[in-house]
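Chemist:
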Amino acid sequence: MMSEFLLEIYGEEIPSSTQDLLELELKRLFEELLKRFDIKFDKIITMSTSRRVVLFIKDLPKITKKKINLIKGPKVNSKESAITGFLKSNSLKDTSQLSKKEINGNLYYLYEKQSGEKKISNLLEENLPILLRSIRWIKSMRWGNHEDRWIRPIKNILCIFDKKVIKFSYAGLESCNHTYGNYYFGEKKFKCSNYVTYRKQLEKYYVIVDRLKREKKIKSKIEEFCKRKNLVLDINASLLKRTSDSVENPNVFFGEFDKKFFKLPEFLIENIVTDKQDFFSFKSQNKMLSNNFCFVSNLNNNKKKQLIKGTQNVLKARFSDASFFLNEDQKIGLRERNSHLNNIIFYQNAGNLYERSVRISLGVQFIYKKINKKINFETDYLSFSNADLATELVNEYPGLQGKVGGYYAYNEKFPKEVYQAFSDQYEYEYSVNYNNFLTFILSITQKFDAILGYFISKKSLKGTGDPFGIRRAALSIIKICLEKKIDFNFNELFSYLKKIYQEQNIQVEMEYETLYEFFKKRIEILFEESGFYTDVIRASFADNAMNPHLTFLKVNKLQKFLKTKDGISFLQAFKRLDSLNEECQTSEIDENLFNQKEEMQFYEFLCLIDKKLNNLGKECLLDDNSIVNKTTLIINNFFDNVIVNDDNMELRKNRKKLINHLHKALKKSYNFSFLLN
Amino acid sequence: MLSFQQIIDNLLNYWKTKGCLQMHPYDMEMGAATFHPATALKAIGKKPWKAVYIQPCRRPSDGRYGKNPNRLQHYYQLQVLIKPNPLNSQELYLESLRSINIDIKNNDVKFIEDDWESPTLGATGLGWEVQCNGMEISQFTYFQQIGGIDCRPVSLELTYGLERIAIFVQDAKSIYDVIMNESGITYGDIFLENERQMSFFNFEFASRDYLYKSFEFFEKNAQDLINKKLPIPAYEQCIKASHTFNLLDSRGLVSVSERQSYILRIRSLVQSCCKLIVNNDE
């Protein structure tokens, strides 16, 4: 006979962001537990609401299977003490309880340990508290005086197996066979001994435990409303999940806000309605924002009027606040506002935001020039990319920086390319279809300047967090360069901006090396995530340049090359070169000391490859298959025929110089030494 | 209808019947009642503590020259701190709402995830923003750390936004229409002009040079006092530095990026104060 297992942990409001993670984690731990004890199970079902997480297993046996474990003992001819020790550790009296087995020509004692049948209920009792304590939390908390953790304080643990309570303690609570209905409907306590009654009782007491059912209920109410009012709602999946996770008994309420607030920009209204309030907003058939909105609550319809009035008031208050800022902002234009940036410190000892906006404008123009792109508008517009940082709206809604600047620039009739770039410059990455090139260049320039400013002010980067957002900024720059194929050397931008900082009387003590190492680390992270090997990435940094696009091409070529026959042969040859490579004081090679033809061949090739690598430009050594194969051949010929460590110290030194010279030359393309470990 | 004064009385009385000691406002400018030593310094260490008090708070950048019906740069918070947190913390809180005529059966009271953090205090907690029909009325937090020190045991912190609660309870259109007591005097009669004038100060006239200099001065004072192992006056200097930073912020003198540096400077001082206090307790 099989039995049901039901676990419900009930407590204070569990945030939506952690409900499904908790379900997954519980499921994982139960699967591990059941597999460890070789217990057959069909399926583990998990569910959660704002106040409970549930785990259900339909068919579990009542007892575990008998099991025989074979334990290998000492050799039969071992010392007496070793045999006695083995007997003792297994609570055995003498060797008659052991069998013997020959393994690899030696005779060993073997103990066939039988583990008896065990009641699953006992096993669960012993293991459940351990299991709950081993949950891997992303976020959790303690409460009161104990050390057990959960997402929020828990109040009840229902745990039933085979209609009986599995008794254990966790977080100061004893498990039991009862639980509670919806908190907002009196939190009715009820007993249950199986899953069917449990579900029935929950429904009776206003709890829909299944997330999909809750979402479906919300969705159907919204769709019905849209149909009736001829409106459109592209249901935002994460908002739907968030709202359905915030209740146990979803009801949807519809309200309207005053149309006078349409004077606010649409992005601001949507930010307030959706992000700040978790309400749904609607659009008309012609895609204009509607003044209808809806929200989800636990309460039933008989409280409708009061709820809608309350929420309309809240929206009104928020919109009034936003209107206040908008009115204040519109008293002066972006041009005048830009001068206010003079009063805002960028970073301590790194000047003010006006100086930053000048650098950004010049930086954008510098990149355009370097990559041979033409600017099709008055460059003067670029000086206002940061003007919105002095606005009241951004001060109140920092997350809308950029969007606000774009909006004001649009109002002041800036070219579309410019206001769109202002608006989108802070995005982390851009979709494939997004194609305003100015946005990409503005975005990478302002982020690069933010990183420079940080290092100028703070000197170094400590800790693993990113309170100033510069790690994220660097990742964003790299991503944009890769995805939009922007072939640009950031060391040039570094030198250029450094010069401007100095012209602005800002002391720059940082060296390129600091920045290079910082970017290298971020490139490594991103490339590793894309499936490239760390050694391959590191080998590709050889030329000290900071061009994410080119580095990506190099890494890609190297990783592919190493999987080819030529690649494998080349690496073997390079290994020979590397093993005898020593740093030489002088690289002057004396041709008169050559006494074998392979030395001359090596030298002639060295001159050729040296020249080639010095003039590579944007090409890569691996682009020319013939030269790569010739390198392999020359190295192998040399080592097959020439004794490097000759007794004649002059000859030896000269040969070492040859090796070192080629090693150094190759390093201009890739640092192959990273691939040898 | 409950007046502003009655709301305060009812909440204070409710928590006093639950064993809380009524403390009084701290005589310094602060952005939140959490800064009051009855919370910030009592939530660390092992000794049990239960307190309730009103704290006038100043958040200069929230001023609106008295023109916005819902935003103030000076307002009142009612604060409860209970260590260790009671097992029925949520029930106690909801019961306290009933004492001011807010019932969860008739109102949509929601606990919205809000992992609270006071960056300057180096304090973190898990809990919720409590919304009543969409309006935030309280902050409900289980403290996990103060000044970078783990709270053992954990304290419950409840912060009631008194003006917002009054707007809701009285169904007022504006904070300035809130009735203060049975005489009919309104919040606006008392505070409107104050809001207007203080907004001018906060946004336009607070001296830039004085603010920069005084921040440095308070920071240095705090460090000197920490070196002399006097964490309580040192902590007071941190409160002053924090308020000065808030003014710098409202004057728009600090960029988003540099804000973080100021916050970290205050936090590091508060952490030193808390460490000294914990060491003294032990």
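Chains as they are written, first to last, in the numbering used here: chain A, 1 to 677; chain B, 1 to 282. Where is the CB? At the ideal position from N, CA and C, for every residue including glycine.
1) Just the Cα atoms here: how many angstroms apart are SER540 (chain A) and LEU577 (chain A)?
2) Just the chain B side, please: which residues come within less than 9 Å of TYR381 (chain A) by C-beta, in chain order?
3) Would you decide whether GLY184 (chain B) is buried or exposed? Buried here means 16 or more other CB atoms lie within 10 Å of its CB.
4) Are there 16 or more other CB atoms within 10 angstroms of the CB of ASP640 (chain A), so buried, or fewer, so exposed?
5) Take LYS164 (chain A) as the anchor and find which of A:ASP148, A:TYR195, A:TYR397, A:TRP137 has the nearest alpha-carbon.
6) In terms of alpha-carbon separation, which member of A:ASN271, A:CYS584, A:ASN489, A:LYS219 lies closest to PHE253 (chain A)?
7) Is there contact between the segment 100-120 of chain A and the segment 129-149 of chain A, where contact requires at least three CB pairs shorter than 8 Å?
8) Using Cβ-Cβ distances below 7 Å, what residues of the segment 467-484 of chain A are close to chain B?
9) Does any C-beta atom of chain B lie closer than 9 Å to the C-beta of GLU12 (chain A)?
10) Quick check: the Cα distance between ARG211 (chain A) and ILE151 (chain A), rounded to an integer number of angstroms?
11) Rounded to whole angstroms, how far is the Cβ of ILE344 (chain A) from the Cβ of LEU389 (chain A), which I believe are closer than 8 Å?
12) For GLN139 (chain B) versus THR124 (chain B), is the C-beta distance shorter than 9 Å?
13) How is ALA474 (chain A) classed by DSSP in three states: helix, strand or coil?
14) Roughly how many angstroms separate the alpha carbons of LYS459 (chain A) and GLY351 (chain A), rounded to a whole number?
15) Drop a sphere of 10 angstroms on the beta-carbon of MET198 (chain B), count the other beta-carbons inside from all chains shown, and report buried for 16 or more, exposed for fewer.
16) Closer than 9 Å by beta-carbon distance: list the chain B residues that pair up with GLY399 (chain A), in chain order.
17) When burial is assigned at 16 or more other CB atoms within 10 Å of the CB, is ILE9 (chain A) buried or exposed?
18) By how many angstroms is the C-alpha of LYS413 (chain A) removed from the C-alpha of ILE239 (chain B)?
19) Between A:LEU558, A:GLY11, A:VAL404, which has its C-alpha nearest GLU156 (chain A)'s C-alpha?
20) Could you tell me which residues DSSP pairs with ASN251 (chain A) in its beta bridges?
21) Measure the beta-carbon distance from ILE609 (chain A) to ALA545 (chain A) and round it to whole angstroms, keeping in mind my assumption that it falls under 8 Å.
22) Which stretch, first to last residue, makes up the alpha helix (DSSP H) that contains PRO153 (chain B)?
23) Going straight from the alpha carbon of LYS213 (chain A) to that of LYS42 (chain B), what length do you get?
24) With burial defined as no fewer than 16 other Cβ atoms inside 10 Å of the residue's Cβ, what is the status of LEU24 (chain A): buried or exposed?
25) Using beta carbons (cut-off 9 Å, strictly below), is HIS340 (chain A) in contact with chain B?
26) Comparing C-alpha positions only, which one of B:ALA206, B:LEU192, B:PHE111 sits nearest to PRO15 (chain A)?
27) Three or more C-beta pairs under 8 Å: does that hold for the segment 493-512 of chain A against the segment 450-457 of chain A?
28) Since I believe TYR65 (chain B) is in contact with MET23 (chain B) (beta carbons under 8 Å), could you give me their beta-carbon distance rounded to a whole number of angstroms?
29) Buried or exposed for LYS213 (chain B), please, with buried defined as at least 16 other CB atoms from any protein chain shown within 10 angstroms of its CB.
30) Report yes or no: do three or more beta-carbon pairs, one from the segment 162-175 of chain B and one from the segment 71-88 of chain B, lie closer than 8 Å?
31) So does the segment 166-179 of chain B actually touch the segment 144-156 of chain B, counting three or more Cβ pairs closer than 8 Å?
32) Distance check for ILE478 (chain A) and TYR496 (chain A), CA to CA, integer angstroms please.
33) Mind pulling the beta strand (DSSP E) runs of 3 or more residues that sit fully within the segment 209-266 of chain A?
34) For ILE112 (chain B), which beta-bridge partners are listed by DSSP?
35) Give the residues from the segment 163-193 of chain A that approach chain B closer than 7 Å (Cβ to any Cβ), ordered along the chain.
36) Nearest to ARG288 (chain B) by alpha carbon, out of B:PRO84, B:PHE35, B:ILE44?
Modeler: Straight from the coordinates:
1) One Cα belongs to SER540 (chain A), the other to LEU577 (chain A), and the distance between them is close to 19 Å.
2) Those within 9 Å of TYR381 (chain A) in chain B number zero; the least Cβ separation is about 22 Å.
3) GLY184 (chain B) should be labelled exposed.
4) By the C-beta density criterion, ASP640 (chain A) is exposed, having fewer than 16 other C-beta atoms within 10 angstroms.
5) Checking every option, the nearest Cα to that of LYS164 (chain A) belongs to A:TYR195.
6) If we check each option's Cα against that of PHE253 (chain A), A:LYS219 comes out closest.
7) In short, these stretches do not touch, since the Cβ pair count stays below three.
8) Cβ contacts with chain B come from PRO467, PHE468.
9) Yes, its Cβ sits closer than 9 Å to a Cβ of chain B.
10) The alpha-carbon atoms of ARG211 (chain A) and ILE151 (chain A) are separated by roughly 19 Å.
11) Rounded, the Cβ-Cβ distance is 7 Å, consistent with contact.
12) Taking C-beta atoms as the reference points, GLN139 (chain B) and THR124 (chain B) fail to come closer than 9 Å.
13) Shown here, ALA474 (chain A) sits in a helix according to DSSP, grouped into three states.
14) LYS459 (chain A) and GLY351 (chain A) have their C-alpha atoms some 15 Å from each other.
15) So MET198 (chain B) counts as buried.
16) Within chain B, no residue has its CB atom less than 9 Å from the CB of GLY399 (chain A), the nearest being about 11 Å off.
17) Buried.
18) Answer to the nearest angstrom: the Cα atoms are 46 Å apart.
19) Checking the sequence, you will find Asn at residue 156 (chain A) rather than Glu. Residue A:GLY11 holds the alpha-carbon nearest to the alpha-carbon of ASN156 (chain A) among A:LEU558, A:GLY11, A:VAL404.
20) Note: ASN251 (chain A) sits in a beta bridge opposite A:SER297.
21) ALA545 (chain A) and ILE609 (chain A) do not touch by the CB rule: their CB atoms are close to 19 Å apart, not below 8 Å.
22) Per DSSP, PRO153 (chain B) belongs to no alpha helix (DSSP H) and is neither H nor E.
23) Roughly 46 Å separates the two Cα atoms.
24) Per the 10 Å Cβ criterion, exposed.
25) True, the Cβ-Cβ gap to chain B drops below 9 Å.
26) Distances from the CA of PRO15 (chain A) to each of B:ALA206, B:LEU192, B:PHE111 were compared; the closest alpha carbon is that of B:PHE111.
27) Contact holds: three or more Cβ-Cβ distances are below 8 Å.
28) Going by Cβ atoms, the distance from MET23 (chain B) to TYR65 (chain B) rounds to 33 Å, so no, they are not a contact pair.
29) Answer is exposed; the Cβ neighbour count stays below 16.
30) Yes: the two stretches touch, three or more of their Cβ pairs being nearer than 8 Å.
31) Judged by Cβ distances under 8 Å, the segment 166-179 of chain B makes no contact with the segment 144-156 of chain B, as fewer than three pairs qualify.
32) In this model, TYR496 (chain A) and ILE478 (chain A) are separated by some 19 Å (Cα to Cα).
33) 251-256, all fully within the segment 209-266 of chain A.
34) According to DSSP, ILE112 (chain B) bridges with B:GLU129.
35) Taking 7 Å as the cut-off between beta carbons, the residues of the segment 163-193 of chain A near chain B are TYR184, in sequence order.
36) Residue 288 (chain B) lies beyond the stretch modelled for chain B, which goes from 1 to 282, so this question has no answer here.
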